[in-house]
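In what follows, a single structure is set out as structure tokens and then discussed.
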């Protein structure tokens, strides 16, 4: 009697996104930025404060942020006002400004004993890694937003990338400027990234009273 080949049975795996909020992560509001900043300052978390401030100002993807070197930001004991780095994803340069508050926190951090002879701005505390990983950065962001009472599943590393860009668009409506600051090759990418069409529609709806 010929043997019947039964189909293989693959055990069902739990979907990775079951119970999670997916989609674009929310940008932080200015008051939320200041709340996190104040908590980090009070706790004297020098590295985290510098990382948070640079993340907001630079608008960099996490993979580029964690790889910043001291020489990228500091020259001759002075923190640069403007910085240019090559993006890992596009291989194209992007420029960003560092505000006075950010420059102050960076300078305090690079002069701390923990940064002695360090090449990277945000070195890892694990000896086998030269700098923090994007996963570790993500955990820090989760801790930061949780500390001020926000739902961590609604925020992520892209929240910090989007925060200043969203505020610039909200105040100026200049998509081209935001495109350049984010390093997007197409303005369509900026529109989708910021969700500006939805934001515009909601803003219009809020002004209509019937």
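Residue numbers (this note's numbering): 3 to 212. We put the beta carbon where it would ideally sit given N, CA and C, even for glycine.
Counted within 10 angstroms of its Cβ, other Cβ atoms place residue i as buried (16 or more) or exposed
| i | result |
| --- | --- |
| residue 24 | Unreliable positioning characterises residue 24 in this predicted model, as indicated by a pLDDT of 46, which lies under 50. A coordinate reading is not provided. |
| residue 55 | buried |
| residue 88 | exposed |
| residue 64 | buried |
| residue 60 | buried |
| residue 101 | exposed |
| residue 189 | exposed |
| residue 105 | buried |
| residue 92 | exposed |
Rounded separation between residue i and residue j - CA only
| i | j | result |
| --- | --- | --- |
| residue 42 | residue 142 | 11 angstroms |
| residue 26 | residue 35 | 18 angstroms |
| residue 108 | residue 78 | 14 angstroms |
| residue 131 | residue 85 | 25 angstroms |
| residue 122 | residue 134 | 9 angstroms |
| residue 163 | residue 80 | 25 angstroms |
| residue 171 | residue 94 | 23 angstroms |
| residue 180 | residue 114 | 34 angstroms |
| residue 186 | residue 157 | 21 angstroms |
| residue 96 | residue 90 | 11 angstroms |
| residue 169 | residue 126 | 31 angstroms |
| residue 138 | residue 175 | 34 angstroms |
Nearest to residue i (by Cα), restricted to the options the options
| i | options | result |
| --- | --- | --- |
| residue 161 | 177, 137, 196 | 196 |
| residue 118 | 188, 189, 72, 28 | 72 |
| residue 70 | 33, 32, 46, 120 | 120 |
| residue 110 | 151, 194, 182, 75 | 75 |
Residue i and residue j closer than 9 angstroms at C-beta
| i | j | result |
| --- | --- | --- |
| residue 44 | residue 98 | no |
| residue 192 | residue 58 | no |
| residue 136 | residue 68 | yes |
| residue 53 | residue 124 | yes |
| residue 66 | residue 146 | no |
| residue 116 | residue 48 | yes |
| residue 103 | residue 28 | no |
**Message:** I'd like the ranges of any alpha helix (DSSP H) spanning at least 4 consecutive residues and lying wholly in the stretch 51-92.
**Reply:** 64-67, 72-75
**Prompt:** Unbroken beta strand (DSSP E) runs of length 3 or more, entirely within the stretch 112-154: which are they?
**Reply:** none
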